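Just add 95 to wherever you are in the sequence shown, counting from 1, and you've got my numbering. Cβ atoms here follow ideal geometry from the backbone N, Cα and C, with glycine treated the same way. Because the structure is a prediction, the values reported are computed rather than measured.
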Amino acid sequence: MDYKSAGVDIEAGYKSVELMKEHVRKTMRPEVLTNLGGFSGAFSMEKFKKMEKPTLVSGTDGVGTKLKLAFLLDRHNTVGIDCVAMCVNDIACAGGEPLFFLDYIACGKNYPEKIAEIVSGVAEGCLQSDAALIGGETAE
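This is the structure:
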């Protein structure tokens with residue numbers, strides 16, 4: 096069995112990446128060591144060497160039932176920015192500073208324009224919190 100037989104549209108995946116690139120580039124910080132396209136990202140910790148006890152704080156969250164509103168209103172950027180906001184809030188509550196973000200978008204069918212709209216919201220959330228969007232995954 097191949098991807099196409101399983102219902103996965105590889106070309107739509109490539110188009111999604113192309114459409115999201117402009118949004119992701121806006122979030123880059125000098126500490127980002129990798130380029131868009133990987134499923135991971137690298138972030139330099141060089142500036143933290145002078146700290147006595149550097150500590151990374153991480154967080155993860157989802158958008159829950161807000162997806163229903165996004166589909167009802169056909170506005171998908173809102174869930175992207177909301178997801179980042181929830182994660183950033185959890186990090187801030189633990190005394191951390193948002194540095195970078197990785198996204199994961201799971202969908203039954205990849206509609207590149209909708210994926211790009213979600214990522215535009217993720218990028219906006221990253222810009223507002225000064226976090227770089229350094230990687231992610233879109234799974235169909």
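Using DSSP with H/G/I as helix, E/B as strand and the rest coil, what is residue i?
i, result
"residue 157", "coil"
"residue 189", "coil"
"residue 233", "strand"
"residue 179", "helix"
"residue 127", "strand"
"residue 101", "coil"
Between the options, which has its C-alpha nearest residue i's C-alpha?
i, options, result
"residue 179", "202, 151, 231 and 167", "231"
"residue 116", "151, 147 and 215", "215"
"residue 139", "153, 168 and 124", "124"
"residue 153", "131, 187 and 221", "187"
From the DSSP output, read off the bridge partner residues of residue i.
i, result
"residue 228", "196"
"residue 138", "127"
"residue 201", "234"
Give the range of the alpha helix (DSSP H) segment to which residue i is assigned.
i, result
"residue 118", "105-120"
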